[in-house]
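Structure, as structure tokens:
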Amino acid sequence: MSEIDLPPGSARTARTRARAALVALALVLCGIVIGAVGDRLLLFRRHQLIPRGASDASSSRIVERLAHDLDLSSAQRAAVLEIVRRHHDHVNALWAGVRPPVHSEMDQAHHEIDQVLTPQQRERFRRMPHPRRFRFFGF
Numbered sequence: 769m770s771e772i773d774l775p776p777g778s779a780r781t782a783r784t785r786a787r788a789a790l791v792a793l794a795l796v797l798c799g800i801v802i803g804a805v806g807d808r809l810l811l812f813r814r815h816q817l818i819p820r821g822a823s824d825a826s827s828s829r830i831v832e833r834l835a836h837d838l839d840l841s842s843a844q845r846a847a848v849l850e851i852v853r854r855h856h857d858h859v860n861a862l863w864a865g866v867r868p869p870v871h872s873e874m875d876q877a878h879h880e881i882d883q884v885l886t887p888q889q890r891e892r893f894r895r896m897p898h899p900r901r902f903r904f905f906g907f
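So the working numbering is basically just the index in the sequence shown, starting at one, shifted up by 768.
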């Protein structure tokens, strides 16, 4: 019996199925990685650390932790949640106002560094992964 004439339950069919399963798994994993990277890039371009709406989840986690640690009543929990959300929105608004001048300062530092480099160093510096190569003060 030649390899072409093997019955459907043969080793060749099993290998083909295993390869198909591995290819499908690889495609799923690639999709997950591409989605995660795309999501982070989109947030980065929007100057966001976390997605919109995630602040509600983080506010809830903060309040749940406080409720557990401090044994808050349901009325206290509701009041604390409102306070945390209100201040979270205010902090985000403050960051929105601070971020552009900080980025401008970082860009100026980049420009000044660029001016003291040799042509070869400048070329390597410009090829570095991100235009703001230094993350001053965590920005």
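Cβ coordinates follow ideal geometry from the N, Cα and C atoms, glycine included. Since the structure is predicted, the reported quantities are computational estimates derived from the model, not experimental observations.
Distance CB(residue i)-CB(residue j) smaller than 8 angstroms
i: Ser828; j: His856; result: no
i: Val831; j: Val852; result: yes
i: Asp875; j: Phe893; result: no
i: Val848; j: Leu862; result: no
Where the alpha helix (DSSP H) containing residue i begins and where it ends
i: Ser841; result: Careful: Ser841 lies outside any alpha helix (DSSP H) and carries neither H nor E.
i: Pro887; result: 887–894
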